[in-house]
Amino acid sequence: MDKEAGISFYTDGSKLDNRVGGGVFSAKLDTKIAFRLPDHCSVFQAEVTAIKESLLVLTKSVITTRSVFIYTDSQAALKSLMSHRISSKTVKDCHDLLADLSSYFTVNLQWVPGHSDIPGNCVADELARTGTTLQLDPGKEDINMPLATCRYLIDKHVINIAECQWNQSLTCSTSRQTWQEWNMSRTCRLLKFKRNDIRTLVGVLTGHCLIGRHASRLGTPYNDYCRSCQEVEEEETIKHLLCDCAALYRKRIATIGRGFLDDVSEVAQIKLVSLMKFIRSTGWFREEPIE
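So the sequence shown is residues 5 to 295, counted in my numbering.
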């Protein structure tokens, strides 16, 4: 894919074993460059930096031709360099250098498919892999962490703190059985229910609903024994409702697929939709609209 009338560069970025590197190859200039970036960098930053490195070669070489072709398999890098909105310092530095050189060179940025056995691209790919094994270039130590990575690490840190506090908590005994870990996808599924259903589900999952002892503490009417099986010795509790009540056996089979549960902790493995169907089927909770 080399252009006979111009100079071609092939660039690539790579991340292996949490190490980031890039590579630049030009057959006509007999140029092979492999470099390492800080481990917090992304492959995208390596791809853009590789394009910038090829531009720097032009500033240091005596070249008579004005046609330059830079090939990359990163569509994201090309789109960012052609965009009117730039939010990355790495992209801005490359974009500025590209603008400076455009007064003398006609630089053509072109996409090539990756892993397609294009000779120049294969060399650049190998150089990028080699770059991940090199020592960090002091001139590249100031490349900042991507904003997306910052957000991810902050979210991960906050979640780790929350999980640690949750696991060490001595309260919320029912909640820690029915919701055993920080689970964002389960939380999102819960929030898709109607408001009344969310209130009911949260009440059952936490044990903070108007049945048994909790209702007694709040001074509201409650049953001394289970309203479904009518067994005087069976106290009306969340465990009895979800796990033990024989009168609700068929309703459990029809909704959650099991007649009895051994322990409240097994609720953590039940789909919220199935759990809500079971709760509705019991008739224990009246539908009171939330204002």
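Note that beta-carbon positions come from the ideal geometry of N, C-alpha and C, so glycine has one too. Since this is a predicted model, take the numbers as computed values, not measurements.
Segment limits, beta strand (DSSP E) that includes residue i
i    : result
L48  : Note that residue 48 is Phe in the sequence shown here, rather than Leu. Counting along the chain, F48 falls outside any beta strand (DSSP E), though it belongs to the alpha helix (DSSP H) covering V47 to K64.
W115 : T110 to W115
S71  : S71 to T76
K36  : T35 to L41
S30  : R23 to S30
G17  : I11 to L20
Inter-residue CB distance, residue i and residue j (contact presumed, cutoff 8 Å)
i    : j    : result
S87  : F48  : Contact doesn't hold; Cβ gap of about 13 Å is too wide.
R40  : Q139 : 7 Å
R262 : R254 : Actually they do not touch by this definition, with Cβ atoms about 11 Å apart.
S12  : F109 : With a Cβ gap of about 13 Å, S12 and F109 do not count as contacting.
T76  : W115 : 7 Å
G216 : E239 : 6 Å
Sub-8 Å separation of residue i and residue j beta-carbons
i    : j    : result
R296 : L276 : With the chain covering only 5 through 295, there is no way to say anything about residue 296.
T259 : F289 : no
L265 : C247 : yes
T94  : S58  : no
T134 : G27  : yes
L209 : T224 : no
S220 : Y226 : yes
C98  : I165 : no
T137 : S46  : no
S232 : L252 : yes
M149 : H44  : yes
Interface flag, residue i vs chain C, CB-CB below 8 Å
i    : result
H212 : Within the model displayed, chain C is absent; a lone protein chain is all it includes.
Start-to-end residues for the alpha helix (DSSP H) that takes in residue i
i    : result
F282 : L276 to T286
G143 : It is not in any alpha helix (DSSP H) - G143 carries neither H nor E in the DSSP assignment.
Y253 : Y253 to I260
Y229 : No alpha helix (DSSP H) holds Y229; DSSP gives it neither H nor E.
K96  : K93 to L105
L195 : M188 to L195
E130 : P123 to G135
N171 : L151 to Q172
T175 : That residue, T175, is in no alpha helix (DSSP H); it is neither H nor E in DSSP.
L82  : Q79 to M86
For residue j and residue i, the rounded distance between their alpha carbons
i    : j    : result
D129 : L105 : 25 Å
L279 : L222 : 25 Å
Q273 : S179 : 13 Å
R155 : R284 : 40 Å
A31  : K144 : 25 Å
T63  : D100 : 13 Å
G10  : P142 : 32 Å
V111 : S84  : 16 Å
I37  : H161 : 36 Å
T53  : Q169 : 41 Å
L174 : D121 : 60 Å
Per-residue burial, residue i [other beta carbons within 10 Å of its own, 16 or more giving buried]
i    : result
H119 : exposed
M188 : exposed
I158 : exposed
M5   : Residue placement at M5 cannot be trusted, given a pLDDT of 42 that sits under 50; the coordinates are not used to answer.
A80  : exposed
K196 : exposed
V66  : exposed
I163 : exposed
S91  : exposed
E167 : exposed
K19  : buried
A50  : buried
T204 : buried
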